[in-house]
Amino acid sequence: LPKVTLLIRGWKLVVTVKQSTIPNAGYGAFLKCTCLDPLKVDFFFLRPGELFDLGIYAPFRPQDHKHETVFKVKNYIHSLSCEEWAFNSVDDEHEYDITDELTGEVHDLAKKHIPMYVNECGMMET
């Protein structure tokens with residue numbers, strides 16, 4: 323499962339993918355912040371204009387960009403399981419889809435990237 327470590331202004335941030343503690347939620351992306359300066363007592367925060375770039379959700383392969391008709395047929399064949407992993411592209415006639423054509427499950431390349439595991443955010447949940 324993917325893992326990213328960042329060092330920022332005396333802080334170590336580790337984004338890991340692991341099983342969620344929420345029943346039936348599957349895997350999720352979790353962030354752990356560790357202060358590397360024992361004299362620092364403040365909290366980690368992003369300054370205005372600072373962003374984390376964890377990569378892209380899609381497309382990873384040329385076939386991840388599908389005409390909506392092709393996607394609808396594929397989604398129907400796989401009992402509507404593909405729609406959970408797809409979203410609209412820039413134009414209205416195409417979808418980005420990170421599922422395998424044969425199984426309908428998320429394809430192996432997408433599973434290697436953290437954004438696939440980011441669903442919902444909770445500040446206090448572990």
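Okay, so the sequence shown: first residue is 323 according to my numbering, each after it adds one. We put the CB at the ideal spot given by N, CA and C, even for glycine.
For PRO437 and THR327, I'd like the C-alpha separation in whole angstroms. Going by the C-alpha atoms only, they are around 15 Å apart.
Please determine, among LYS396, SER403, VAL440, LEU402, the residue with the shortest C-alpha to C-alpha distance to GLN385. For the residues LYS396, SER403, VAL440, LEU402, the minimum Cα distance to GLN385 belongs to LYS396.
Start and end of the beta strand (DSSP E) containing VAL336? Per DSSP, VAL336 belongs to the beta strand (DSSP E) from 333-341.
Do SER403 and GLY426 have their beta-carbon atoms positioned less than 9 Å apart in this structure? Their beta carbons are under 9 Å apart, which means GLY426 touches SER403 by this criterion.
Using CA coordinates, which residue listed in CYS357, PRO381, LEU329 is at the minimum distance from LEU407? The sequence shown places Trp at residue 407, rather than the Leu named in the question. Looking from the CA of TRP407, the closest CA among CYS357, PRO381, LEU329 belongs to PRO381.
Cross-strand partners of GLU417 (DSSP beta bridge): Paired residue(s): LYS388, ASN410.
Comparing C-alpha positions only, which one of LEU335, TRP333, SER411, GLU423 sits nearest to TYR379? Nearest Cα to TYR379 within the set LEU335, TRP333, SER411, GLU423: SER411.
Roughly how far, in whole angstroms, is the beta-carbon of VAL336 from the beta-carbon of TYR439, given that I think they are within contact range, below 8 Å? With 8 Å as the limit, VAL336 and TYR439 do not qualify as a contact, their Cβ atoms being about 14 Å apart.
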